[in-house]
Structures are given as structure tokens and as C-alpha cells.
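Per this note's numbering, the very first residue in the sequence shown carries number 94; after that it's consecutive. Beta carbons: idealized from backbone N, C-alpha and C, even for Gly. All values derive from a computational prediction rather than experimental measurement. A quick write-up on the structure given underneath.
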Amino acid sequence: MKVAITFDVEHDCPPYLTTTRGMEEGLPKLLDLMAEKRIKATFFFTAEMAKRFPELVRRVIDEGHELGSHNYNHERLDKLSFEEGKRAIEKSFKVLREFGEVVSFRAPNLQFPNEYYRVLEENGVLVDSSKATYKGYRSGVKFFGNVLEVPASTTSSVIRLPWRFQRIIHLHLKEPKVYFAHPWEFVPMQREKIRWDCRFNTGDKAVELLGTLIDHYRKEGARFYTMREFYGEYGKLKRG
């Protein structure tokens, strides 16, 4: 069974907030949990958060995780002109690649017009994870040119549901099962003026539930992948 744990590293709950509690408190908790569970994850950073919290980027890399791009400052590509979107993507890689190799991308809000695949390819990207099966994408893992699309399986709030409910959802997801969450979900957001689905079970409960999810797949004998590792596996099939 193929499973991926991924994180979209951004300021708190865009577009509602501009705070960074998730960076200051949530991301260290997640890195501690990944170390405890011996999981390697992919962390899609906005370049803006990488610039403001370089020590966290270095910790991600030093602990063996993959660094990916989540655009420059969480710009939605479907809200920009093509040239504006291209510039934002290129700026993000310029910043993030100062820390190390970056070959994976995820668009903010999982909004990714197909014309941007060629922009990713031109910028040396191997893997995109901007499509989502829960948003209607049905093509599965697929190459678009030389860029491998590995879609997200379900929205982040699912992994904050009570375990007895979310477990049923996990059983029906197709492989590879790609989960994502945000650092801000792992700090208490109940008093913030944001959507209800962004508030419930945030904070330490979210940490506990993510640990339960990882333990569940460990018992099932799953292999946990980074985005780059998917490229290594599916790229062999393409070349073969």
C-alpha cells in the first residue's frame, strides 16, 4: 500500500488570517511527530514562509524530509494571469532552491490550470500534487509531459474527524493515498473567525489524530512515500 503524508506550509488559514502561529508552534510539533513515527514527509513551503523561518526549512531538510514549493506567497494560480502565475512560481523556486534541491510543487487551494505543467517542466519540476480526487480529478497518477501528477486524496479536515468516522473514509480511498495538512491546524484555532471546518479539532487533538492515522497504516504494512520517491517509482514504469 502506497501512502504519502504531506504538508502545505503557509501562513495561518489563508485568506482569513495573516498570523504565523502554525509556523511558530505547529510545524515544530509536526516535525517532532514525524521523528517519533519515523516518517519522511513532503513539506510544500511558500517562499515567503521560507524567508521568514529559514531555521524551519533547514530542520525539514536536515531531518530527511522533502522540500517542495507551495508558490511564492500562496497566490492562487486560477486568480492570476498566466504571466503573473509563471512569475510567482519561478520566484518561489529561486528562494527555495537556496536551501537545497526542489523538484515538487503544489498549487495553493489545489487550483492548477493545466497550462502551468509546462512552466513546471521548464523549471525542473518532476512531481506535481495540485490536483485532487475529492475535487473531481479522475485520471489518477499520470504524466503530463515530463511532470508526474500525484493527486491529493482528500481534504485536510478529514484527518481531524473523530477516528471512527475518518477510518471509513480511508478504507475507500484509491492508492496512492495522499494526505495533506497545514501547520496551523495543529495549533488551537477554535476562537478564530474562520470557517467551522478550519476550526474543529485543531491543536493537540489534530496531532493525536494524525499519529493515529500513521499508526493505522503502519499496521496495514503501508510504505510511506515522499513526492520525489513517487517519481522514482512511476518514472521507471514510464521509461520501461
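What is the DSSP secondary structure of S222, counted as helix, strand or coil?
As a position in the sequence shown, residue 222 is number 129, starting the count at 1. Coil at S222, not helix or strand.
Note down, one range per segment and in chain order, each alpha helix (DSSP H) of at least 4 residues found wholly within the segment 123–185.
140–145 and 147–155
Assigned exposure category for N207 - 16 Cβ within 10 Å defines buried:
In the sequence shown, counting from the first residue as 1, residue 207 sits at position 114. Label assigned to N207: exposed.
Would you kindly check if the distance between the Cβ of E118 and the Cβ of F136 is under 8 Å?
For the purposes of this step, residue 136 is taken as the residue at position 43 of the sequence shown. For the purposes of this step, residue 118 is taken as the residue at position 25 of the sequence shown. Not in contact: F136 and E118 (Cβ atoms no closer than 8 Å).
Which value, in whole angstroms, describes the spacing of the CA atoms of E313 and S174?
As a working mapping, residue 313 is identified with position 220 in the sequence shown. As a working mapping, residue 174 is identified with position 81 in the sequence shown. Going by the C-alpha atoms only, they are around 45 Å apart.
Does the Cβ of T99 have 16 or more other Cβ atoms within 10 Å, making it buried, or fewer, making it exposed?
On the sequence shown, position 6 is the one that residue 99 refers to. So T99 counts as buried.
Going by alpha carbons, who is nearest to Y210 out of R231, K179 and K187?
To locate residue 210, count along the sequence shown from 1; it is residue 117. Answer by Cα proximity: K179.
Can you check whether the CB of F198 is closer than 8 Å to the CB of I154?
The residue given as residue 154 occupies position 61 in the sequence shown. The residue given as residue 198 occupies position 105 in the sequence shown. No, they are not a contact pair.
Whose C-alpha, out of G229, Q259 and K187, is nearest the C-alpha of N294?
For the purposes of this step, residue 294 is identified with residue 201 of the sequence shown, where counting begins at 1. For the residues G229, Q259 and K187, the minimum Cα distance to N294 belongs to Q259.
Let's test the definition: count the other Cβ atoms within 10 Å of the Cβ of Y165 and tell me whether it reaches 16, buried, or not, exposed.
As a working note, residue 165 is residue 72 in the sequence shown. With 16 or more Cβ atoms within 10 Å of its Cβ, Y165 is classed as buried.
Looking at C-alpha atoms only, which residue of I262, K184, P255 and V220 is the closest neighbour of V240?
Here residue 240 corresponds to residue number 147 of the sequence shown, with the count starting at 1. Looking at the Cα atoms, V220 is the closest of the given residues.
Give the DSSP-derived three-state secondary structure of F323 in the structure shown.
To locate residue 323, count along the sequence shown from 1; it is residue 230. Three-state DSSP puts F323 in a helix.
Pair within 8 Å by beta-carbon distance, I252 and A274:
Looking up residue 252 in the sequence shown gives position 159. Looking up residue 274 in the sequence shown gives position 181. Cβ distance < 8 Å, so I252 and A274 count as in contact.
Taking only three categories from DSSP, how would you classify V243?
Locating residue 243 in the sequence shown gives position 150, where the first residue counts as 1. Note: V243 maps to coil in three-state DSSP.
Boundaries of the alpha helix (DSSP H) in which A299 is found, first to last residue:
Here residue 299 refers to the residue found at position 206 when the sequence shown is read from its first residue. From DSSP, the alpha helix (DSSP H) with A299 extends over D297 to K312.
Under 8 Å, do V96 and K270 count as touching if we go by C-beta distance?
Residue 96 sits at position 3 when you count from the first residue of the sequence shown. Residue 270 sits at position 177 when you count from the first residue of the sequence shown. Closer than 8 Å, so yes.
Label T111 either buried or exposed according to how many other C-beta atoms from any shown protein chain fall within 10 Å of its C-beta, with 16 as the threshold for buried.
As a first step, residue 111 is located in the sequence shown; it is residue number 18 there, counting from the start. When all chains shown are included, T111 counts as exposed.
Neighbourhood of E183 by C-beta, 7 Å cutoff - its chain only, sequence neighbours within 5 removed:
Taking the first residue of the sequence shown as 1, we reach residue 183 at position 90. The answer, listed in chain order, is N216.
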